[in-house]
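A short write-up of the structure that comes next.
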Amino acid sequence: MKRKILVTGGTGYIGSHTTVELIEEGFEVIIIDNLCNSKADVVNRIHKITGVKPLLEVFDLCDQKKLDSFIQKHKDISAFIHFAAFKAVGESVNKPLDYYRNNLVSLINLLEVMKCYGIPDLVFSSSCTVYGQPEKLPVTEDAPLQPATSPYGNTKQIGEAIIRDTTISDKNIKAISLRYFNPIGAHASALIGELPEGVPENLVPYLTQTGIGIREELKVFGDDYDTSDGSCIRDYLHVVDLAKAHVIAIKRLIEGNNKTNYEVFNLGTGNGVSVLEAIRSFERVSGIKLKYKIVGRRAGDIEKIWADPSYANKELGWRTLSSLDEAMKTAWDWEKTIRSNKL
Ligand code: UD1
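Each position in the sequence shown, counted from 1, maps to that position plus 666 in the numbering used here.
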C-alpha cells in the first residue's frame, strides 16, 4: 500500500515540485491549497509529468472545522509537508496581522489534528531568513537566530518554535524544519515553475521577465556592499534539488531514522553567488544581454549569506546536483513556456 502524504500548498512553487518528486518515489499525495497564490490547473500539469493526478482539496487551513472533517475522511495519512504560507517580505510589513494569522493559525491547526488523529510526522518549510545576517559564513544550523526583520521572517521563527515546543510536549510527534536558502528554476519539463503574481519581488523571476521583455530593466539593489563585486550574495539552489530533500526528510521520519524528535537542516549549495554573477549566469544560458541598472540598497536586505549544507549532506545523504547555470536555464525555459501560452 502506498503511503499517503498530505502536502499543504501543493499547487505552489516548491509544493508542486515536491509533489512530483513524492509521486515519482511511490507516495500517494493529497494536496490542500486555498489557491490564493496558485492555480488548480497545476495538478493537471503534475499529471502530465508523473501520470498521476493528485487529489486537490481547496480550502483554507485556518478553517479548523474544514480541516477536521477533511482529516476524518483521510485518517490513513502518514505525514504532512507544510508549505502553505504567505511569503512576500514587503507585503508582510504592511499586513502583519494577515501574515501572523495565515502562517501561524494554519500551522497550529495542523499540529492539533496531528495530535488528535495520531499523525506523527511533519516536514516544515522554513527559511534561512531565521539567521538574519550571520556573523560567521557559511552559516551552520547552530548559528544564533537573529531578531526577524519582517513579520514574514518572524512567522518562520515562531513557526519553528511552535513545532519544537510541540515535539517536546508530545513525544509522539516528530518534525523536521528545512531552512531553504534561495530556491530558483523550474522542472525540466517546463510544465511547472514559479508563477509570481504581478511584479516579482525575487531576483530570478525579475531577471527572466526582463529577459523576455515584460520588465524594462532589472534594478540591482546596491553595489556598495562588502562583497567581491559590491552586490549582495545569496545561495541559489535548484528547486528540484530542494524538492528531493523533502522526500528524504519524509522517509527519515516515517522510517524512524531521525536522531531527535525535532531536527533542523540547512538546504543550500554551499556557494555564495552575487547578484551580478546571477545576471551573468542568465546571460550565458539565454544568450541575451540583460538590461539592468544599479540602484540603491533595498531596505532590510541582508548583505551576504550562504549555507554550510554539510549536516544535510551527511545526515540526509542529500546534496544539490544542479549548477547555477543549469538551474537558471530551467527558469528561462519556464519563462519562455509561460509567455508562449503553451500551458
Ligand atoms: C527573500 C527573503 C527570504 C524569503 C525569500 C523568498 C529577505 C531578507 N529574505 O530572500 O526570507 O524566503 O525572499 O520569498 O527579505 N535583487 C535585486 N533586484 C531585484 C530583486 C532582488 O537586486 O529586483 C537582489 C536582492 O537585493 C538580493 C538578491 O537579489 O540580494 C535576492 O533577492 P530575493 O530573490 O528577493 O531573495 P532574498 O532577499 O534573498
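Built from N, CA and C at the ideal position, the CB exists for glycine as well. Keep in mind it's a predicted model, so treat the numbers as computed, not measured.
**Message:** With distance defined between alpha-carbon atoms, name the residue in Glu-1001, Tyr-797, Glu-969 nearest to Thr-806.
**Reply:** Tyr-797
**Request:** Report whether the distance from the Cβ of Arg-946 to the nearest heavy atom of the ligand UD1 is below 8 Å.
**Result:** no
**Request:** Give me the Cα-Cα distance between Ile-839 and Ala-973, rounded to the nearest whole angstrom.
**Result:** Approximately 28 Å between the Cα atoms of the pair.
**Separation of Asp-991 from Ser-947, as counted between CA atoms** = Ser-947 and Asp-991 have their C-alpha atoms some 6 Å from each other.
**Asked** Is it right to say Cys-702 is buried, meaning 16 or more other beta carbons lie within 10 angstroms of its own, or is it exposed?
**Response** exposed
**Request:** Work out the CA separation of Gly-877 and Ala-997 for me, nearest whole Å.
**Result:** 11 Å
**Asked** If you follow the beta strand (DSSP E) that Ile-723 is part of, which residue opens it and which one closes it?
**Response** It is Glu, not Ile, that sits at residue 723 in the sequence shown. It spans 721 to 724 - the beta strand (DSSP E) in which Glu-723 sits, taken as one unbroken run.
**Message:** Any heavy atom of the ligand UD1 inside 8 Å of the beta-carbon of Ser-843?
**Reply:** Taking 8 Å as the cut-off, one finds no heavy atom of the ligand UD1 near enough to the beta carbon of Ser-843.
**Message:** Less than 9 Å between the C-beta atoms of Ser-735 and Ile-712, yes or no?
**Reply:** no
**6 Å Cβ shell around Thr-815 - same chain, five flanking residues per side excluded** = Gly-966
**Item:** Pocket of the ligand UD1 defined by Cβ to heavy atom distance under 6 Å
**Value:** Lys-753, Val-755, Ser-793, Thr-795, Gly-819, Asn-848, Glu-867, Asn-868, Leu-869, Tyr-872, Leu-884, Lys-885, Val-886, Phe-887, Cys-898, Arg-900, Val-941, Arg-964, Gly-966, Asp-967, Ile-968
**Asked** Can you give the Cα-Cα distance for Val-759 and Lys-668, rounded to whole angstroms?
**Response** 42 Å
**Prompt:** In this structure, does DSSP put Pro-813 in helix, strand or coil?
**Reply:** coil
**Item:** Sheet register partners of Ala-745 (DSSP bridge)
**Value:** Ile-671, Asp-787
**Residue from Ile-829, Pro-862, Pro-720, Pro-786 whose Cα sits closest to the Cα of Gly-676** = The closest CA to that of Gly-676, considering only Ile-829, Pro-862, Pro-720, Pro-786, is found on Pro-720.
**Message:** Taking 9 Å as the threshold (C-beta atoms), are Phe-746 and Ile-671 in contact?
**Reply:** yes
**Asked** Roughly how many whole angstroms lie between the Cα atoms of Ile-698 and Leu-933?
**Response** 24 Å
**Request:** Measure how close the beta-carbons of Leu-884 and Tyr-958 come, nearest whole angstrom, since I'm counting them as under 8 Å.
**Result:** 4 Å
**Item:** Per-residue burial, Glu-929 [other beta carbons within 10 Å of its own, 16 or more giving buried]
**Value:** buried
**Prompt:** Is it true that the CB of Asp-999 sits closer than 9 Å to the CB of Ala-909?
**Reply:** no
**Request:** Decide if Asp-787 is buried, meaning its Cβ has at least 16 other Cβ atoms within 10 Å, or exposed.
**Result:** Looking at its Cβ environment, which holds 16 or more other Cβ atoms inside 10 Å, Asp-787 is buried.
**Message:** Check whether the stretch 931 to 945 and the stretch 975 to 991 touch, using three or more Cβ-Cβ pairs below 8 Å as the test.
**Reply:** yes
**Asked** Are Ile-743 and Ile-785 close, meaning C-beta to C-beta below 9 Å?
**Response** yes
**Message:** What does the alpha-carbon distance come out to for the pair Val-724 and Ser-952?
**Reply:** For Val-724 and Ser-952, the distance between alpha carbons rounds to 37 Å.
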